[in-house]
Amino acid sequence: MKTFEEKYTAWLDGRLGGEELRSFENEHPSIQREKIEFLKLKSLLRESIHPRELANPEFFNAQIMEQIRRETVATGKPSCGPLLGLPRLVWGGICALTVGFALFFTIIPRGDFSDPRTKYVAEVLKTKTDPKVKATVENQKDMTIIKLEGLDKLPPGRDLHR
Amino acid sequence: MIRLQGVKSCVRGNGSLKANARGISRRGCRFCQLAFLVVLFGAFAGPVHASIRAWGCLLYASNAGKILDLPPWLAGYDAPLRRSLGYANYHVIAQRQIAVETRTENLLVSAGDIQVLLTSLSPAPDGKFLVELLFVEGTKQVMETQAKVGQGSPLFIRGPDWRDGQIIIVVMVAA
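Respectively, the protein sequence lines represent chains X and W.
Following numbering that gives the first Met the number 0, the numbering of the first sequence begins with 0 at its first residue and continues without gaps.
Following numbering that gives the first Met the number 0, the numbering of the second sequence begins with 0 at its first residue and continues without gaps.
Shown next, in the form of structure tokens:
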């Protein structure tokens, strides 16, 4: 089954014949005028453009055929086949996981940051007080408090916000 | 013959000159790379080891109301403070953060006659910090203490009573 373009080209070149020619001309009655215009154009081109004889047509054809062959081979190669191969995917996954773990353990500091009290360390080593004052240390899990007894009460009117 | 030798030596000399120039440029490139690495590491390491930051705070704790005005450094300490000190209301009177670079006495925080001085702050081999504090009231040295604290671990001191509550001194090594 020929397409319209194939039939039209063959008709213009005069290569359509027999039943095929008759049915094509019956189906497209308006193309006779186009044929006249095409023939005018053809004769005009023949008059103005002189065909040039190639000095070495075999070499030219061989070059073109070689280029076509190379392009056919290049396009025919499966480009993404090896890339998506199972071994490569597996190795890629292993490498990505290794890099991810390495970055995680080297860059991201570990520890529970949700509660700062989890890593609480405060140890009172030595305390020296005024003779009137007594210091006692309360060590709790998340708080160390030095309790000072015997301190004078501050006057209520004293402004501490200065 | 002599001329030929001369030309050869000239060519050799020229070659060695080129090689020298290449070597110098390669050495220069290596120096640039080394300098870049030093600058890069310095940029990261500098801020960490330049100084140690200490933070001090004076809190007024009372049972007048239940307003909890704790600084961000004490986030998460609301319940332990209420449980351990027995006060429901906490209010910041003064707070200050200093960078300790020298071993001289540093005023950490003060309010009125109350002064908390940081007499010494140095890193311990186990990653903790050795802190020496002096609590002064007016001209009287009330207490001098030495403690080993971790970074971000506040040390609480129950200070003098004031009005209906008490002054709480908090000292912490920030970094």
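We put the beta carbon where it would ideally sit given N, CA and C, even for glycine.
As the structure is a prediction and not an experimental result, all values here were calculated from the model.
Open item on the list: So if I threshold CB-CB distances at 8 Å, which residues from the region 134-160 of chain X count as touching chain W?
Closed with: Across the region 134-160 of chain X, CB contacts with chain W closer than 8 Å involve 134, 137, 139, 141, 142, 143, 144, 145, 146, 147, 150, 151, 152, 153, 155, 157, 158, 159, 160, in sequence order along the chain.
- [ ] Rounded to whole angstroms, what's the CA-CA distance from residue 93 of chain W to residue 89 of chain X? Just pull it up for me.
- [x] One alpha carbon belongs to residue 93 of chain W, the other to residue 89 of chain X, and they sit about 60 Å apart.
- [ ] Could you name the residues of chain X that residue 77 of chain W contacts, counting a contact when the two beta carbons are closer than 9 Å?
- [x] Result: empty, since nearest Cβ-Cβ is about 11 Å, beyond 9 Å.
- [ ] Scan the region 94-116 of chain W for residues whose Cβ lies nearer than 8 Å to a Cβ of chain X and list them as they occur along the chain.
- [x] Residues 110, 111, 112, 113.
TODO: Could you give the DSSP three-state label for residue 73 of chain X: helix, strand or coil?
DONE: DSSP places residue 73 of chain X in the helix class (H, G or I) of the three-state scheme.
Task: Cβ-Cβ separation, residue 133 of chain W to residue 147 of chain W (assumed contact under 8 Å), whole Å - done: About 17 Å separates the two Cβ atoms, so there is no contact after all.
Open item on the list: Residues of chain W with CB closer than 8 Å to the CB of residue 128 of chain X, please, in chain order.
Closed with: The answer, in chain order, is 141, 142, 143.
Task: residue 169 of chain W and residue 67 of chain W closer than 8 Å at C-beta - done: Residue 67 of chain W is positioned such that its CB atom lies no closer than 8 Å to that of residue 169 of chain W.
Task: Coil, strand or helix - residue 95 of chain W by DSSP - done: In this structure, residue 95 of chain W counts as strand in the three-state DSSP scheme.
TODO: With DSSP as the reference, please indicate the residues paired to residue 122 of chain W in a beta bridge.
DONE: Bridge partners of residue 122 of chain W: W:128.
Task: Minimum Cβ-Cβ distance from residue 83 of chain W to chain X less than 8 Å - done: Residue 83 of chain W counts as touching chain X.
- [ ] Look at the alpha carbon of residue 114 of chain W and the alpha carbon of residue 56 of chain W, and state the distance between them as a whole number of angstroms.
- [x] The straight-line gap from Cα to Cα measures roughly 11 Å.
TODO: List the endpoints of the continuous alpha helix (DSSP H) containing residue 158 of chain W.
DONE: No alpha helix (DSSP H) holds residue 158 of chain W; the beta strand (DSSP E) holding it covers 154-161.
TODO: Go ahead and pull the three-state DSSP assignment for residue 66 of chain X.
DONE: If DSSP states are grouped into helix, strand and coil, residue 66 of chain X belongs with the helices.
TODO: Output yes or no for whether 8 Å exceeds the beta carbon distance between residue 51 of chain W and residue 154 of chain W.
DONE: If you check the CB distance, residue 51 of chain W and residue 154 of chain W do not come in under 8 Å.
TODO: Go ahead and pull the three-state DSSP assignment for residue 31 of chain X.
DONE: In the three-state reduction of the DSSP assignment, residue 31 of chain X falls in the helix class.
TODO: May I ask you to list the residues that DSSP assigns as paired with residue 54 of chain W?
DONE: W:96, W:171.
TODO: Look at the alpha carbon of residue 57 of chain X and the alpha carbon of residue 92 of chain X, and state the distance between them as a whole number of angstroms.
DONE: Using only the alpha carbons, I get a separation of about 53 Å.
Task: Beta-carbon proximity of residue 41 of chain X to residue 23 of chain X, cut-off 8 Å - done: Not a contact, by the Cβ cut-off of 8 Å.
Task: Rounded straight-line distance, which links the Cα of residue 140 of chain X to that of residue 106 of chain W - done: Taking the Cα positions, residue 106 of chain W is about 29 Å away from residue 140 of chain X.
Task: Proximal residues, the region 143-172 of chain W versus chain X, C-beta separation under 8 Å - done: For chain X, the residues of the region 143-172 of chain W that bring a beta carbon within less than 8 Å of one of its beta carbons are 143, 144, 145, 146, 147, 148, 149, 151, 152, 153, 154, 155, 156, 157, 158, 159, 160, 161, 162, 166, in chain order.
Open item on the list: Tell me the DSSP secondary structure of residue 67 of chain W in three-state form.
Closed with: Residue state, collapsed to three classes: strand.
Open item on the list: Taking 7 Å as the limit between beta carbons, can you name the residues of its chain near residue 121 of chain X, skipping five residues before and five after?
Closed with: Taking C-beta separations shorter than 7 Å and ignoring five residues to either side along the sequence, the partners of residue 121 of chain X in its chain run 143, following chain order.
- [ ] Establish whether the CB of residue 102 of chain X and some CB of chain W are separated by less than 8 Å.
- [x] No, no contact with chain W.
Open item on the list: On the criterion of 16 or more Cβ atoms from any shown chain inside 10 Å, does residue 12 of chain W qualify as buried, or is it exposed?
Closed with: Confidence is the limiting factor: at residue 12 of chain W the pLDDT is only 46, short of 50, which leaves the residue's position unreliable and the question unanswerable from this model.
TODO: Identify the contact partners of residue 57 of chain X in chain W, using a Cβ-Cβ distance below 7 Å as the criterion.
DONE: Near residue 57 of chain X there are no residues of chain W at all, since even the closest Cβ is about 49 Å away, more than 7 Å.
Open item on the list: According to DSSP, simplified to helix, strand and coil, what is residue 61 of chain X?
Closed with: If DSSP states are grouped into helix, strand and coil, residue 61 of chain X belongs with the helices.
TODO: Report the rounded CA-to-CA distance for residue 175 of chain W versus residue 97 of chain X, giving the unit in angstroms.
DONE: Chain W is shown only over 0 to 174; residue 175 of chain W falls outside these bounds and no answer can be derived.
Task: Reference residue 91 of chain W, options W:173, W:150, W:58, closest by Cα - done: Comparing Cα-Cα distances from residue 91 of chain W to each of W:173, W:150, W:58, the minimum goes to W:58.
TODO: Taking only beta-carbon positions, decide if residue 92 of chain W is within less than 8 Å of chain X.
DONE: For residue 92 of chain W, the answer is yes, since a Cβ of chain X falls inside 8 Å of its Cβ.
Open item on the list: Does chain X have any CB closer than 8 Å to the CB of residue 65 of chain W?
Closed with: Contacts with chain X at 8 Å (Cβ-Cβ) do not include residue 65 of chain W.
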